[in-house]
Structure formats: structure tokens, C-alpha cells
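Residue numbers (my numbering), protein chains in the order written: chain R, 78 to 422; chain P, 2 to 388. Report on the following structure.
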Amino acid sequence: MNIFGFKIKHVLTASLAVLSFGIVTSNAQADRLADVKKAGILHCGVVPGVPGYAFPNKEGKMVGFDVDLCRAIAAAVLGDANKIRTTKMKLPVAFNAMKAGTVDVVTHRFTWTFGRDVGQGLDFTRVMVFDGQGFMVRKKLGVKSGKELNGATFCLTTGATTESNVSDFFRTHGMKFKQVTFGSMGEAQKAYDQGRCDVFVTDKFGLGARRLAMTNPGDHIILPETISNEPISPMVPHGDQVWRDIVVWTLNSLITAEEYGITSKNIDKMRSSSTNPFIQRVLGKTGKFGGKIGLGKDWAYRAIKAVGNYGEIWENHLGKHGLGMPRGKNELYTNGGLLISPPFR
Amino acid sequence: MENLLSLWRKGSVRSLIYQWGLVVAILLALFWVFDTASTNLDRLGINTGFGFLDDEAGFQISQTLFPYSAQSTYIDAILVTFTNTIVLSVIAIFLATFLGFFIAISRLSDNLLLRKIGSFYVEMFRNIPLLLQLFFWYFAALKLLPAKRESINLFDVAFLNIEGFVVPAPVFEDDANSILWAVVISLALAVGIWRWAKNRQIRTGEPFPSFFVGLGLVVLIPLIVAWLQDFPISWEIPKFGRFNFEGGIALQPEFTAMLFGLTLYNAAFIGEIIRAGILSVHKGQREAANSIGFTQMQIYSQIVVPQAMRLIIPPLTNQYLNLTKSTALAAALGYPDFFWALSGAISSQTGQVLELQAITLFGYLGISLFIAAIMAIYSRATRIPEK
Chain R
78 MNIFGFKIKH VLTASLAVLS FGIVTSNAQA DRLADVKKAG ILHCGVVPGV
128 PGYAFPNKEG KMVGFDVDLC RAIAAAVLGD ANKIRTTKMK LPVAFNAMKA
178 GTVDVVTHRF TWTFGRDVGQ GLDFTRVMVF DGQGFMVRKK LGVKSGKELN
228 GATFCLTTGA TTESNVSDFF RTHGMKFKQV TFGSMGEAQK AYDQGRCDVF
278 VTDKFGLGAR RLAMTNPGDH IILPETISNE PISPMVPHGD QVWRDIVVWT
328 LNSLITAEEY GITSKNIDKM RSSSTNPFIQ RVLGKTGKFG GKIGLGKDWA
378 YRAIKAVGNY GEIWENHLGK HGLGMPRGKN ELYTNGGLLI SPPFR
Chain P
2 MENLLSLWRK GSVRSLIYQW GLVVAILLAL FWVFDTASTN LDRLGINTGF
52 GFLDDEAGFQ ISQTLFPYSA QSTYIDAILV TFTNTIVLSV IAIFLATFLG
102 FFIAISRLSD NLLLRKIGSF YVEMFRNIPL LLQLFFWYFA ALKLLPAKRE
152 SINLFDVAFL NIEGFVVPAP VFEDDANSIL WAVVISLALA VGIWRWAKNR
202 QIRTGEPFPS FFVGLGLVVL IPLIVAWLQD FPISWEIPKF GRFNFEGGIA
252 LQPEFTAMLF GLTLYNAAFI GEIIRAGILS VHKGQREAAN SIGFTQMQIY
302 SQIVVPQAMR LIIPPLTNQY LNLTKSTALA AALGYPDFFW ALSGAISSQT
352 GQVLELQAIT LFGYLGISLF IAAIMAIYSR ATRIPEK
């Protein structure tokens, strides 16, 4: 049947896709690896506009920590780190887009929680950043600890874990608070900056970046408390184990590379001359890992070569050459941090 | 075969077949949608159903008209924010209509300055996107309002600062119920007087100041009842704590900015609707009324407006529906409306997107149909009787 020259099925499909974010129309994605290879492009979900994570550079190209994770996966799967398309994500639309299968992987900093992992049609992969939420206040309030904030007003954003964390923290300590919840971080930050709220709250690594954006960064301090545990992990659609393995082990390879001193600069030398059997396996000189995962034998080599190891990515965007944040818990376990990769064995 | 063909040639039979064919096609399409959706939900392992509504919400809401805390359920959160949407819509509708009427009058006035101001207003406000205006009012308000510790003090009972306008909250004692009853009874009395006066005027032509008498009753009777009981209402005066004012009721800048933005924007459209309605009344009507000694006020209230109403009501209903639905923009400004709760916290915490979409859909549909019904009743009541 036709309506104004459109097949009625298409008209219906289009309108319903708009209605329900594609849930009703997406077809079963049995083999995402094949689909990505066929399309020749990797669709990544990121939230642009956060310096250090995903932010346009001078040439207008999106760069940052989140983008580099996406580039690493594209390099491993497609052999070219530039074959990515970043899709703008916004909570909670990100979850719907995942369910509908319109993006292959979300590398934005989403906290791995039970509620998100179970029964929502998506899977978390591995923790890439260990973060926790903290408070920023004005210095002149003279507040030294989060426990002194009884009765204060909070500016925060909706859709994140923030709301329930703050509420839990205050319930635990038997205190009261007020909150103004905004649709996006930009407005929440602006309202705090203008004095609407006493406290601004978000992930601590985010707070550092946000403080720099205040009218007078020096007027604000970040309180010592970390009120929550926020393990940040990329997400993939639920149900395709092969695809999940690819993402997990590509991310693992970045951490392993740092542990074994493989960098984007010395990687070729390492591959040709290293006698360490472990390094030889990771870089595909020996072993059949690449074939088992459905990619060429040098998939991990390509990923590390394109974006560098975890430490390099960190320093480029969040550390020395970026926001200047200390790595804290995000050091390797060998340096007293929490970062560890299962072995390539 | 010949019979069937002749049946087909009959227009009424053919149109019946087309109509039923369409119904069946739509039903099939709906079934297809439902089937695909449920298969996909199943395949992705997504929870379905409305059971989650009884779970604890775990987030606070900055403006609540009845008791709510983070320990309340999702359904409570939805009801609280639904009320917030209704309150914002209703107040904005009244203010926008009031302002719109004045804009219409000024655009029709003989005074050049008033006319120009009116058209400037309309062109200005209806041509800038609403969301932009809302952000403007909100951040302008935050800029202008004094900081928390520098609040403007009004007689030590009310305070104005960036938190909003904080006023004393009434605390009702046990026998305060009688005052509520007095209000209800006096309202009923006022309506009764208004109807009696109207009937009498139709019968005898004698006017009666029913508005002022009614207003007097509604104010005086509850006051007398309160006085008889030694005023069983006390006031909770806001006091500045460590960070904020504690106690009292705060009119928050998020609400005020929303109300301001919605009123000013919609008043521009409503003004034009009313102007068109008034212009549709033939000028002979006005001249006739003038010639038999009606005052300007009477010409408008007795002759022009009742006739203009017929034309004003349908587009005005549209505008009211638009206004109500655009309250959903509140989510951006941090005013906790219906859409704010459903699309934000609840959606990301539970992930029950389809169910929440359905609730949102029926929520707004409910409000819209209610407004449309009220306008239809009003329009029927004010219709000029025809033979």
C-alpha cells in the first residue's frame, strides 16, 4: 500500500522509530562484528563538550579520553583508528540508543551499576576509570568537610547516579539538603557559578575540569570526601558475546601495554626485538589470539600503535598534557593503583 | 458475479469496504508494531511492566505541594511533578490571558504610543524561541537577585534572595477546618447571588453589583469565622540557617522564570487572538451601543467581548494546549515538572523507557483533553442562542 508514494510500512517504521527510539524496528543484531566490518565504520557514543574526554580541538575534530578508546577499538577491528563516527549521547537517551543498536559501543563515562547492567539490554565491558563523586563549594563558606553541609542547596544534573548518591550520603549522616536538578551539566554549572547553590556535585575527575570553567576558579574548593564509588566502563549492546569480547580485550590490551612498557613509539621495536613471550603474544608475533577473537593477529598492535597505552592516553588528555589531573586510583596495580588487566595467556 | 459487480458499483457499499479495509489495515499495523516490540524487548532481555512504580524513588524534588521525600515511591514522584506541571500551566494560562487582553486593547487603541508598544511587544516575544527566552529570564533572575547572605529583608518576615522569595508558611491548628468550610460556603453563596442577579437582570433589566458583593462575602465570612475562633492560624517565619533560609515557603527562581517566560511568550499570541476576535465584531454594534448611552466599559463587557468570544475560544484553546505542553521545557531550567521526572531520574534509574513514555503520553493527553473539555463547556455556555 502506498501513501503519497511512500510504502506504508516505511512510513510506519519511520514514525515509530521516532516514537520509541527504534526499539520496535531494530532487527536482531546477531553478528555485530560482521556488521561493523561491512559498514567499514565504528559508531561510538560519546558525550561531547567535556574537556579531556570528548571535546572538539582547533581543527574541529573530536578528541579526548573517551574518543581515544573508540579509536583504539576501530584500529583493532577495522585497521584504521579514523574510521569512527561519534554519535552525541545524552542521558538517558544513551541507554535507548544502545538498546536500539544504533551505536556499537558507548565510551562515555557511564558508571557501572546493577540497575543499568541488569535488565536494560546493555552490557558493561571493563572499568577504564575509577572515579567517585565529590563536592565543590565556595571557599568563603568555610566548609572543610561534606559532613558540615547540613541544610545546603545542591546543583546537579538529572539522569546520572548523582541524585541518589547525594540523597544516600545525607541519609547516612542524618542531614537534610535541598537540590535543584538541571537537564544538562552546562546549566547546573552556570547556576552554581551564579550562586544559586552552595554545592556543585559530580564525579571528582569532572569537578576538576568544571572548576576551571568557573568565573573565578580560585574561589572554589573541592572537599576531601568521595561520596561514591564510580567505576566507569564502556558499554555494548546486550546479547552479542563475540562483540563484547572484542571490546573487553582491546581495552585490556591498552592496560597490559602500559604494564609491559609498550608505547605507541617503541611498539615496532618491541614487536621485532622483544624476547618476552608475553609481549610477543600481545602483539601477535606468536600465538593465535587475534584469530580466535575474529580479528587479524596484530589487532592489539594496531590499537596500541594508534592511541598509545593507557598511561599515554591518560597523560595526553587528563594528565600532564591535558587537564593535569593526578592518576590516583587509576595507576596500575603494580604502582599501588586499581588498574589491572587479566593476562593474555 | 454479476451481482457482486453491481454491489461494487454502488458508492455506499464501496466506501464501506474502503473504511473497513482501512480499520483492518490499522489494526494489523498496530499488531505488527506490538509484536516486533515485544520480540525485541524479549531478545534484549529488557524488563517490562509497571511493577517498578512502587519502588523507592531515592531522589529529592525541589518543589513539592504535598509531602514527598527521597524515600517515597516513583508513583509519588510522578504525582508530585504532575501537580507541579498543572500548577505552572494554570497560573501561566491565567496570567497570559490577562496580559494578552491588555495587549489586544492597546493594539486597538486610538493612542499611537500604546499601539506601537503593543505591536513591538507582539513582534518581539513571538519571534524569539521560547527556550531561549526561558534561559534568558532564568539567568537574568539569578544575576539580579541578591546573594544568599545579602537578601532583601521585608519587615523581618519575608526575604528575597537568589533562592527565591521566602515568605512565612501558615501553620493550621486543629480548628482551622472551619475556616476552610467558611470559604467553601461563601464561594457557594457568591455563585448563588451571581446567578440570581443575572436572572433578575434578564427579567427586569435591573443591574446588581454581584461581583463586588460576592468578593465581599468570600473575604468577610472566613475572616469573621477566624476572628470568632481567635485566629487558629500561626505563621512559621523563615530563619537563616547555616546555608539557607529554613522554614517558610519559597517561591523559587526556577518556577518564577518559567512562569515569566511562558506568560510573556504566550501573551503575545493570545493578544493577537483576542484582537482578531474583537475586530470581528462589526463596528456598527459599538456605535449602536454608544448611541444608546453605554459607557466604554459596558460596550466592551456587554456588547463586544461576548460576541468576540465565539471566534476567540477555538484558537485560544489551541494556545492553552500549546502553553501546557511547552511547560515540558522546564526540565532544562531545573523546575521539577512532569517531564523532568519521567525523562530524567526515573528513566535512567529504572530503564523502563516504553512504560515511562506511555505514562508521559497519557499524562499530557489527560491534561490537554481536560483543558479542551473545559473550553468546550465554556464555549457552549457563552454561545449566542440561535434558532
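Glycine is no exception: its CB is placed at the ideal position from the N, C-alpha and C atoms.
With a cut-off of 8 angstroms on the beta carbons, I'd call I390 (chain R) and F142 (chain R) a contact; round off their distance for me. About 6 angstroms separates the two Cβ atoms, so the contact holds.
Spell out a yes or no on whether the stretch 255–266 of chain R and the stretch 178–197 of chain R are touching, meaning 3 or more CB-CB pairs, one atom from each, closer than 8 angstroms. No: fewer than three Cβ pairs fall under 8 angstroms.
C-alpha distance - V140 (chain R) paired with P133 (chain R), whole-angstrom precision: CA-to-CA, the gap between V140 (chain R) and P133 (chain R) works out to about 6 angstroms.
Within its chain, find whatever has a CB closer than 8 angstroms to the CB of V282 (chain P); leave out the 5 residues flanking it on each side and keep chain order. The answer, listed in chain order, is I304, V305, Q308 and A309.
Can you give the Cα-Cα distance for I274 (chain P) and I313 (chain P), rounded to whole angstroms? Answer to the nearest angstrom: the Cα atoms are 6 angstroms apart.
Does the Cβ-Cβ distance between L110 (chain R) and W320 (chain R) come in under 7 angstroms? Taking C-beta atoms as the reference points, L110 (chain R) and W320 (chain R) count as a pair closer than 7 angstroms.
Measure the alpha-carbon distance for S418 (chain R) versus T333 (chain R) and round it to whole angstroms. So the alpha carbons of these two residues sit roughly 6 angstroms apart.
Quick one: list the residues of chain R neighbouring K326 (chain P), beta-carbon separation under 7 angstroms, in chain order. Result: empty, since nearest Cβ-Cβ is about 16 angstroms, beyond 7 angstroms.
Partner residues on chain R for I194 (chain P), Cβ-Cβ distance less than 9 angstroms: None at all; the shortest Cβ gap to chain R is about 45 angstroms.
Quick check: the Cα distance between S13 (chain P) and L29 (chain P), rounded to an integer number of angstroms? Taking the straight line joining both Cα atoms gives about 24 angstroms.
With 16 other CB atoms within 10 Å as the buried threshold, where does S7 (chain P) fall? In the assembly as shown, S7 (chain P) is an exposed residue. Its beta-carbon has fewer than 16 other beta-carbons within 10 Å.
Ordered along the chain, which non-local residues of its own chain (more than five positions away) have a Cβ less than 7 angstroms from that of F421 (chain R)? Hits under 7 angstroms: T333, F355, R358, V359 and F366.
Can you look up T258 (chain R) in the DSSP assignment and give me helix, strand or coil? Strand, per DSSP.
Can you tell which of R:G126, R:D208 and R:G122 has the C-alpha that lies nearest to the C-alpha of G414 (chain R)? Of R:G126, R:D208 and R:G122, the residue nearest in Cα terms is R:D208.
Going by beta carbon distance, what residues of the same chain come within less than 7 angstroms of K224 (chain R), once the five residues before and after it are set aside? Here the set comprises H250.
Taking the straight line between their C-alpha atoms, what separation do you get for G364 (chain P) and F83 (chain P)? When rounded, the separation of the alpha-carbon atoms in G364 (chain P) and F83 (chain P) is 8 angstroms.
Any C-beta of chain R under 7 angstroms from that of L317 (chain P): Chain R has no Cβ within less than 7 angstroms of the Cβ of L317 (chain P).
What residues of chain R sit near S63 (chain P), judged by a beta carbon separation below 9 angstroms? Within 9 angstroms Cβ-Cβ: T230, K255, Q256, V257 and T258.
Of the listed residues R:I304, R:D270, R:S305 and R:E302, nearest to N293 (chain R) (C-alpha basis): The residue among R:I304, R:D270, R:S305 and R:E302 with its C-alpha nearest the C-alpha of N293 (chain R) is R:D270.
Is any beta-carbon of chain B found at less than 7 angstroms from that of F244 (chain P)? As a matter of chain content, chain B is missing from the structure shown, whose protein chains are R and P.
State yes or no: is the beta carbon of D275 (chain R) nearer than 7 angstroms to at least one beta carbon in chain P? It does; some Cβ of chain P falls within 7 angstroms.
Can you name, in chain order, every residue of its own chain whose Cβ lies under 7 angstroms from the Cβ of I94 (chain P), other than the five neighbours on each side? Taken in chain order, the residues that qualify are Y321 and L324.
Looking only at its own chain, which residues have a Cβ that is under 6 angstroms from the Cβ of A369 (chain P), when we skip the five neighbours before and after it? According to the sequence displayed, residue 369 (chain P) carries Ser and not Ala. Cβ neighbours of S369 (chain P) beyond the five flanking positions: L322.
Mind checking if S244 (chain R) is an interface residue toward chain P, Cβ cutoff 7 angstroms exclusive? Yes, S244 (chain R) counts as interfacial toward chain P.
Listed in chain order, which residues of the stretch 338–355 of chain P have Cβ atoms closer than 8 angstroms to some Cβ of chain R? Answer in chain order: W341, S344, G345, A346, S348, S349, Q350, T351, G352, V354 and L355.
Check each candidate in R:V220, R:G156 and R:N407 and name the one with the smallest Cα separation from R243 (chain P). Measuring from the Cα of R243 (chain P), the nearest candidate turns out to be R:V220.
Is the beta carbon of Q353 (chain P) less than 7 angstroms from the beta carbon of F53 (chain P)? Less than 7 angstroms divides the Cβ of Q353 (chain P) from the Cβ of F53 (chain P).
Could you spell out the range, first to last residue, of the alpha helix (DSSP H) harbouring T327 (chain R)? Its alpha helix (DSSP H) spans residues Q318 to E336.
Determine, using beta carbons only, whether L143 (chain P) comes closer than 7 angstroms to chain R. A Cβ of chain R is located within less than 7 angstroms of the beta carbon of L143 (chain P).
Using 7 angstroms as the threshold, is the C-beta distance between G211 (chain R) and I299 (chain R) below it? Against a cut-off of 7 angstroms, the Cβ pair of I299 (chain R) and G211 (chain R) comes out as a contact.
Against chain R, which members of the stretch 100–121 of chain P pass a CB distance test of less than 8 angstroms? The stretch 100–121 of chain P vs chain R, Cβ under 8 angstroms: nothing.
Supposed close pair L109 (chain P), I279 (chain P) - CB separation, criterion 8 angstroms: Separation of the CB atoms of L109 (chain P) and I279 (chain P) is rounded to 6 angstroms, and the pair is thereby assigned contact status at 8 angstroms.
How about Y387 (chain R) and L331 (chain R): do their beta carbons lie closer than 7 angstroms? Cβ distance < 7 angstroms, so Y387 (chain R) and L331 (chain R) count as in contact.
Counting along the chain, where does the beta strand (DSSP E) carrying E207 (chain P) start and finish? It is not in any beta strand (DSSP E) - E207 (chain P) carries neither H nor E in the DSSP assignment.
Alpha carbon of S351 (chain R) to alpha carbon of L146 (chain R), nearest angstrom: As the crow flies, the alpha-carbon of S351 (chain R) is around 26 angstroms from that of L146 (chain R).
Of the residues P:S344, P:S348 and P:T318, which one's Cα is nearest the Cα of A374 (chain P)? For the residues P:S344, P:S348 and P:T318, the minimum Cα distance to A374 (chain P) belongs to P:T318.
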